[in-house]
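Single-structure report; data block below.
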Amino acid sequence: MLKALILIVLTVCYIMIKNYLEGRLLKEYENSDEFCLSSLAVARKCSTYDIFRTVAQDWGFSDAKVEDDFRRYLRTGDIPHYISSYVRKHIHDTDRRYGSMVHPGGSLPRSWSA
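In this note's numbering, the protein residues as written are 237 to 350.
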């Protein structure tokens, strides 16, 4: 009887710790530049490469720089500061929430209504 009770307590503790850590990691990921970039691309119905090109045009960068920066992003996951800045300025909460597409329901991103 005691062994069964200990097993139940340990199982409950394991589940609580697992849920806490997963929630914490999810919050950190949802605030990451990578998540914001992919969420903005989904909300705008375009690719991340299209986001790179749009931002580079705004900054007046050459196509070669866009290609180099995008290749580096694909290889290493490093997002250039000008992309991060643009994405954080232009993403809406609905876009961020819609980016994961895990939970059904909810409204469409504001950028889709245009």
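Glycine is no exception: its CB is placed at the ideal position from the N, C-alpha and C atoms.
Where the alpha helix (DSSP H) through residue i begins and ends
i      : result
Asp299 : 299-312
Cys272 : 269-279
His317 : 317-326
Test item: CB-CB of residue i and residue j under 8 Å
i      : j      : result
Ser320 : Asp269 : yes
Trp295 : Tyr318 : yes
Asp357 : Phe288 : The shown model of the chain, from 237 to 350, leaves out residue 357, and the question about it has no answer.
Neighbourhood of residue i by C-beta distance below 7 Å, restricted to the same chain and skipping five residues each side
i      : result
Met237 : none
Beta-carbon contacts of residue i that lie in its chain and below 6 Å, excluding the five residues immediately before and after
i      : result
Val323 : Cys272, Leu273, Leu276
Chain-order list of residues whose beta-carbon lies under 8 Å from that of residue i (same chain, five-residue window excluded)
i      : result
Val338 : Any answer about Val338 is weak, because its pLDDT of 43 lies below 50 and its placement is not dependable; what the coordinates show is given next. Counting only Cβ-Cβ distances below 8 Å, and skipping sequence neighbours, we find nothing.
Inter-residue CB distance, residue i and residue j (contact presumed, cutoff 8 Å)
i      : j      : result
Ala292 : Lys281 : Between Lys281 and Ala292 the Cβ distance is about 19 Å, and since that is not below 8 Å, they are no contact.
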